[in-house]
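Working notes for the structure below.
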């Protein structure tokens, strides 16, 4: 609650602690009693719901349909694609029995040893295997293609070190899985979905992202290519915020998904998969928020405008009447608005609470100001207040929301630009990477060089950016060999 705001660690003092405290104090989530898992609280889930709603519409505009596939995956399915199982084996949670029974002292339960499964089941870490096992029943001819499915679900990846939203054993996400008749179609779909993610991040989350392709060691297990969007947090670290994978025919071959093509010849289906998760909540918080709490871009704020009355009991009836008019007009403009006339909380408490929760616009409906035909309005991104005419306040607030959306994006973009550097000297790089930032560095394309950078600095090659000229990348700063790419290198979450 807002009463605890004075105890919020300053971002400049301890960024990690600031983030952890803010997630809890802003009522977004809390640690669950199940190790590595979290409880997403109603306010946090309301933000995730808005993300879901927007993304779901964007997916469907490209022809994608929602479906649902089982949570439990037979162990044998994971062994069919070698790279895939190797990539996820250490993170899998395994179901071995299907029944409990009362213990001998009748004061608890034990696993019934007689109820052992013939084949263990894996709680899905991702669904490529179960989905492609299903697709083999759906796809017989080129006329059955493309198959464009998405599912909103939870997954389990056993994590030892967890942090709310950023890394938990169980998390919510969407995973798209598509099947195509040709390589070109599949590659185009993988890149198309990356662009959807980038558009969502920038236009709704107000988070600028770098689009690019992952190195071989960083790509998804079982993929031919992994495309990524990378965002910079306010501590200069990168956060992988969405990935789209071109899977080639790997899963088509592993699960025997064959079809008769237009030439009446058997071929294997081409695949993509792509996903974003509740990690986007972490990106939203860490990109924009400040020492007063959350700063939410209006496009994703559950409450875009809050109206708070200040007056004596005898004045409340008139304030309630005026607020009702304002609420009606704001809703007609498509604005999400809350009128908080709860008299059990003081106005100062409400101010701090809504600042903590990142509500973009606050309107104070004061009895004295109303007599002068004015109200006080405050924008959360800059904390600037001003008195404006009550006439047309609704249109003014709607315009202010658009301005705030643009401003929080510009602020984040300016920060990223100011902390993005070109560097080709390894000693200089090793010193400067300690302070964070994105570094564009010449890379010879070898795993050895990539591993050396990681060992020396804990930084990784985030991607080969699409928008960087790769015609003359220079000399690799580690090996001294001719570089194949200019790579984006950063420390990351």
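In our numbering, the protein residues as written are 3 to 495.
Positions of the beta carbon are idealized from the N, C-alpha and C atoms, including for glycine.
Residue 163 and residue 26 have their C-alpha atoms roughly 18 Å apart.
For the 8 Å CB-CB criterion, residue 149 and residue 181 form a contact. Ranked by Cα distance from residue 175, the options 184, 283 and 347 are led by 283. Between residue 488 and residue 447, the C-beta spacing is not below 8 Å. Taking a C-beta distance under 8 Å as the contact criterion, residue 422 and residue 440 qualify as a contact pair. DSSP places residue 415 outside any beta strand (DSSP E); the residue lies instead in the alpha helix (DSSP H), whose first and last residues are 395-420. For residue 288, no beta strand (DSSP E) segment is defined; the enclosing uninterrupted segment is the alpha helix (DSSP H) at 281-290.
Note on residue 121: under 16 other CB atoms within 10 angstroms of its CB, so exposed under the neighbour-count rule. For secondary structure counted as the alpha helix (DSSP H) over 4 or more consecutive residues, the stretch 55-115 holds these complete runs in sequence order: 77-80 and 84-90.
In the structure shown, residue 431 adopts helical secondary structure according to DSSP, grouped into three states. Here the alpha carbon of residue 312 sits roughly 30 Å from the alpha carbon of residue 287.
Fewer than three pairs of CB atoms, one per stretch, sit closer than 8 Å, so the stretch 350-363 makes no contact with the stretch 328-335.
Under DSSP, residue 27 shares a beta bridge with no residue. The secondary-structure analysis by DSSP pairs residue 235 with nothing; it has no beta-bridge partner. If only complete runs of 4 or more residues are kept, the stretch 339-367 shows the alpha helix (DSSP H) at 349-358, in order along the chain. When DSSP states are grouped into helix, strand and coil, residue 257 belongs to the coil group. For residue 137, the enclosing alpha helix (DSSP H) has its first and last residue at 130-140. Contact check for residue 289 against residue 213 fails: the beta carbons are separated by 8 Å or more.
Exclusion of the five residues before and after residue 99 leaves 113, 117 and 118 as the residues of its chain whose Cβ lies within less than 6 Å of its Cβ. Contact check for residue 232 and residue 211: beta-carbon distance about 6 Å, within the 8 Å limit, so the pair qualifies.
Under the DSSP definition of a beta bridge, residue 172 partners with 158. By the criterion of a C-beta distance shorter than 7 Å, residue 65 is surrounded in its chain by 150, once the five residues flanking it on both sides are discounted.
Here DSSP, grouped into helix, strand and coil, assigns residue 466 to strand. In this structure, the beta-carbon distance from residue 223 to residue 90 falls below 8 Å. Take the alpha-carbon of residue 31 and the one of residue 38: they are about 13 Å apart. Going by DSSP, residue 191 is part of the alpha helix (DSSP H) stretching over 185-205.
Taking a cut-off of 8 Å for Cβ pairs, the stretch 259-278 and the stretch 121-141 touch, as three or more such pairs fall below it.
Approximately 30 Å separates the beta-carbon atoms of residue 245 and residue 295; this is outside 8 Å, ruling out the contact.
Contact annotation: the stretch 194-207 touches the stretch 298-312, with at least three C-beta pairs closer than 8 Å. By the criterion of at least three beta-carbon pairs nearer than 8 Å, the stretch 312-322 is not in contact with the stretch 381-396. Put simply, the stretch 368-378 touches the stretch 390-399. At least three CB pairs are less than 8 Å apart. Residue 165 sits in a strand when the DSSP states are folded into three classes. Selection 307, 347, 361 and 444 evaluated against residue 397 yields 307 as nearest (Cα-Cα). Residue 304 is positioned such that its CB atom lies closer than 8 Å to that of residue 45. Counting the other Cβ atoms within 10 Å of the Cβ of residue 280 gives 16 or more, which makes it buried. For residue 213, no alpha helix (DSSP H) segment is defined; the enclosing uninterrupted segment is the beta strand (DSSP E) at 211-215.
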